[in-house]
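Taking it in order: structure first as structure tokens, then the write-up.
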Amino acid sequence: MDMTEKILEIPWWFPTAAVALGIVSGYCIHWLMTHLRLVGAERHAREIVHEAELRAQVLVQEAHLKVQAERDRLRAEHQAATAAQDADLKKRAARVDEREDLLDRKVAVLDRRELHLHDELQEATRRRNAADTRAAELETLLKQQRERLHQMACMTPDIARRELFRELHEELRHETAELVRHVQQQALQQSEEVARDIITTALERYAAPQVASITTTTVSLPSEDMKGRLIGREGRNIRSFEAATGVNLLIDETPDAVVISCFEPMRREIARVALTRLISDGRIHPGTIEEVVAATQASLAADTVKTGEAAARELGLAGLAPEIIERLGQLKFRHSYSQNVLQHALETGHLMGMMAADLGLDAAIARRVGLLHDIGKALDHAVAGGHAEIGANFLKRHGEPDVVVNAVGAHHGDCQGQSPYASLATAADALTAARPGARAETTEFYLKRLEQLEKIAAGFDGVEKSYAIFAGRELRVFVKPRDVDDNAALHLARDLSKRVEQDMQYPGQIKVTVIRETRCVEYAR
-4 MDMTEKILEI
6 PWWFPTAAVA
16 LGIVSGYCIH
26 WLMTHLRLVG
36 AERHAREIVH
46 EAELRAQVLV
56 QEAHLKVQAE
66 RDRLRAEHQA
76 ATAAQDADLK
86 KRAARVDERE
96 DLLDRKVAVL
106 DRRELHLHDE
116 LQEATRRRNA
126 ADTRAAELET
136 LLKQQRERLH
146 QMACMTPDIA
156 RRELFRELHE
166 ELRHETAELV
176 RHVQQQALQQ
186 SEEVARDIIT
196 TALERYAAPQ
206 VASITTTTVS
216 LPSEDMKGRL
226 IGREGRNIRS
236 FEAATGVNLL
246 IDETPDAVVI
256 SCFEPMRREI
266 ARVALTRLIS
276 DGRIHPGTIE
286 EVVAATQASL
296 AADTVKTGEA
306 AARELGLAGL
316 APEIIERLGQ
326 LKFRHSYSQN
336 VLQHALETGH
346 LMGMMAADLG
356 LDAAIARRVG
366 LLHDIGKALD
376 HAVAGGHAEI
386 GANFLKRHGE
396 PDVVVNAVGA
406 HHGDCQGQSP
416 YASLATAADA
426 LTAARPGARA
436 ETTEFYLKRL
446 EQLEKIAAGF
456 DGVEKSYAIF
466 AGRELRVFVK
476 PRDVDDNAAL
486 HLARDLSKRV
496 EQDMQYPGQI
506 KVTVIRETRC
516 VEYAR
């Protein structure tokens, strides 16, 4: 079958259906294409909007950064301008202050000139008044002279001569009195300058070391076991040592060392030497302690004499009595306001010798007075009265010259000085005490309080020894067991505490301890 026949065999409605199907297919395809285009357009639009939003955000951020940078720049410029203005204002204020100061100075100068001119005007007025007064006086004198000449014309030569001599005598007497007064004032001024030069020269030529008082001494131990041996069984060794020496032995946690506490330097030195000997010997018990302390006291007494002799040799003094030498050595252990009394005496002697030499006095006598002026301080704890009076009486009993005795007794104004050496002693004593750092008043008051405690205890009957220990917070009293029984010891402690409360002023409280000890000694043969 050919092609034509095949075509003729197709139904009539098939072309119509095919056309319709083509139309519908075309419409669908067109709608689909249109829909795809719309979707693409919307997506593209959304992309464009998103991109626009991103660009807008970037632009906003850039604009914000630019605004921030501009604001920072403007703030910096404003701060710089403000700082410049402040600096300029400060400079202007400084210039204004300078101008004000300059004006004030000019005003002050003008005021001074005005006052000066006012003073000059007053002086000129005074001088003019004085000149007017002087002119009136001269006129009066001329008138009187004319009258006298008129009278003298009627006098005889002898009467005129006597009248002239009388007037000359009155005039010369007045001028002589003025001259004497001027010479006295000039001599007084020159004497003050010479005295100042002498004192200054003496201080420059001599400078003594300063010795400060202490109340404790540290003794080294060979080992920690030695502390137990020092304490002894139930503390008997340390009690015996403290009773024999009158010190307080502090055995604390300090390694290889003990501390000796006592306000009285001589007692403390005896305890130090005795303790050193006991440690070296190794035999530590009550009997040995008493023997060593007694030997140490004898040895220290000999050293005291050597110290007094050395002080006398240092000042070139001879002929001092042995008792005076011994008391001089004891001054080594005395302090006045923390100043060592022996060193103070040596310094006073040197200064007095120098000043006496400059004044043409006997330098040896001056040095003798200076060295001995405080000798009474070695006796004032045992004799009533001031140390100047005590020292003068002591020196008089041992053959010192009257000039030395009087100067020593008068160096604090207790009696009238009869020689220039008394004044020199007063001046030199004040100079050595007034040097910066030479004395400390609080230490002296502290030591006086400790001494007063021991003196109060020593005033009671039956007291053998009394020691102020623990920096004055305890008064330890040893009584005679035969004179004071246990009940009396109790009453003594109460009476002592009442007396301390009445006679002394002190911070805190003071413990009063009364010790009654009975010793029974026998010898086995």
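Here the sequence shown is numbered in the working numbering, starting from -4 and rising by one per residue.
C-beta atoms are modelled at their ideal positions from N, C-alpha and C, and glycine is treated no differently.
Fair warning: this is a prediction, and the values are worked out from it, not measured in the lab.
Hey, D480 and R514: beta-carbon distance below 9 Å or not?
-> In this structure, D480 keeps its C-beta atom at 9 Å or more from the C-beta atom of R514.
Does the Cβ-Cβ distance between R329 and K372 come in under 9 Å?
-> yes
Alpha-carbon to alpha-carbon, I274 and V288 = Put simply, the backbone Cα of V288 is about 13 Å away from that of I274.
Would you mind stating whether L470 and L442 have Cβ atoms separated by less than 9 Å?
-> no
Straight-line gap, D533 to V495 (C-alpha atoms, nearest Å) | As shown, the chain starts at -4 and ends at 520. That puts residue 533 outside it, with no answer to give.
To which residues of the same chain is Q413 closer than 6 Å at the C-beta, ignoring the five residues directly before and after it?
-> N401
Within this structure, are the beta carbons of T299 and Q334 separated by less than 9 Å?
-> no
Does the count of Cβ pairs from the stretch 264 to 272 and the stretch 301 to 320 closer than 8 Å reach three?
-> no
Taking the Cβ atom as the reference point for each residue, do I505 and L448 lie within a distance shorter than 9 Å?
-> Cβ atoms of I505 and L448: closer than 9 Å.
If you draw a straight line from the C-alpha of S208 to the C-alpha of I255, how long is it?
-> Residue placement at S208 cannot be trusted, given a pLDDT of 45 that sits under 50; the coordinates are not used to answer.
For V242 versus R228, is the C-beta spacing smaller than 9 Å?
-> no
Mind listing, in chain order, the continuous alpha helix (DSSP H) runs of no fewer than 4 residues lying wholly within the stretch 380 to 420?
-> 382 to 392, 397 to 405
Hey, would you say L419 sits closer than 9 Å to L367, going by beta carbons?
-> Taking 9 Å as the Cβ cut-off, L419 and L367 do not qualify as a contacting pair.
Whole-Å CB distance - D424 paired with T343, under 8 Å assumed = Your pair D424 and T343 checks out as a contact, with CB atoms roughly 6 Å apart and the cut at 8 Å.
How would you label H113, buried or exposed, when you count the other beta carbons within 10 angstroms and need 16 or more for buried?
-> exposed
Relative to the C-alpha of M350, which residue among R68, H73, H486, A417 is closest?
-> A417
Tell me whether the beta-carbon of G381 lies closer than 9 Å to the beta-carbon of H407.
-> Yes; because the gap between Cβ atoms is below 9 Å, this pair is in contact.
What are the start and end residues of the beta strand (DSSP E) that includes R523?
-> Outside the displayed range of the chain (-4 to 520) lies residue 523, so it cannot be described from this structure.
F9, buried or exposed, once every other Cβ within 10 Å from all chains shown has been counted against 16 | exposed
Within 10 angstroms of the Cβ of T29, are there 16 or more other Cβ atoms? Answer buried if so, exposed if not.
-> exposed
Answer with buried or exposed for E309, where buried requires no fewer than 16 other C-beta atoms within 10 angstroms of its C-beta.
-> exposed
Measuring CA to CA, which of D456, F455, A47, V472 is closest to A463?
-> V472
Give the straight-line distance between the Cα atoms of M347 and A359, rounded to the nearest whole angstrom.
-> 9 Å
If we call anything under 9 Å between Cβ atoms a contact, is L225 one with D251?
-> no
Quick one: what's got a C-beta closer than 7 Å to P476's C-beta in the same chain, skipping five residues either side?
-> R511, E512, T513
Cut-off 7 Å between Cβ atoms - residues of its own chain near A203, not counting five sequence neighbours on either side = Its pLDDT being 49, under 50, A203 is placed unreliably in this model, and the value from its coordinates should be taken loosely. Excluding its 5 nearest sequence neighbours in each direction, A203 has C-beta neighbours in its own chain below 7 Å: Q338, L341, E342, listed in chain order.
Neighbour-count burial assignment, D276, 16 or more Cβ in a 10 Å radius | exposed
Using the beta-carbon count (16 or more within 10 Å), is T240 buried or exposed?
-> Around the CB of T240, 16 or more other CB atoms lie within 10 Å, so the residue is classed as buried.
Nonlocal neighbours in the same chain, by C-beta distance under 6 Å from K460, ignoring five residues either side | Excluding residues up to 5 positions away in sequence, F473 lie with their Cβ nearer than 6 Å to the Cβ of K460 in the same chain.
With a CB to CB cut of under 6 Å and the five nearest residues on each side skipped, what residues in its chain are close to V336?
-> L326, R329, D369, K372
Enclosing beta strand (DSSP E) for R511 [first to last residue] = 506 to 511
Continuous alpha helix (DSSP H) stretch holding K222: start and end | 220 to 226
Straight-line Cα distance separating A89 from V62 | So the alpha carbons of these two residues sit roughly 39 Å apart.
Cβ of T29 within 8 Å of any heavy atom in the ligand COA?
-> Questions concerning the ligand COA fall outside what the structure shown contains, since it holds no ligand whatsoever.
Return the Cβ separation of D397 and I451 in integer angstroms, given the expectation that the two are a contact with Cβ distance under 8 Å.
-> Incorrect: roughly 38 Å between the Cβ atoms, too far for contact.
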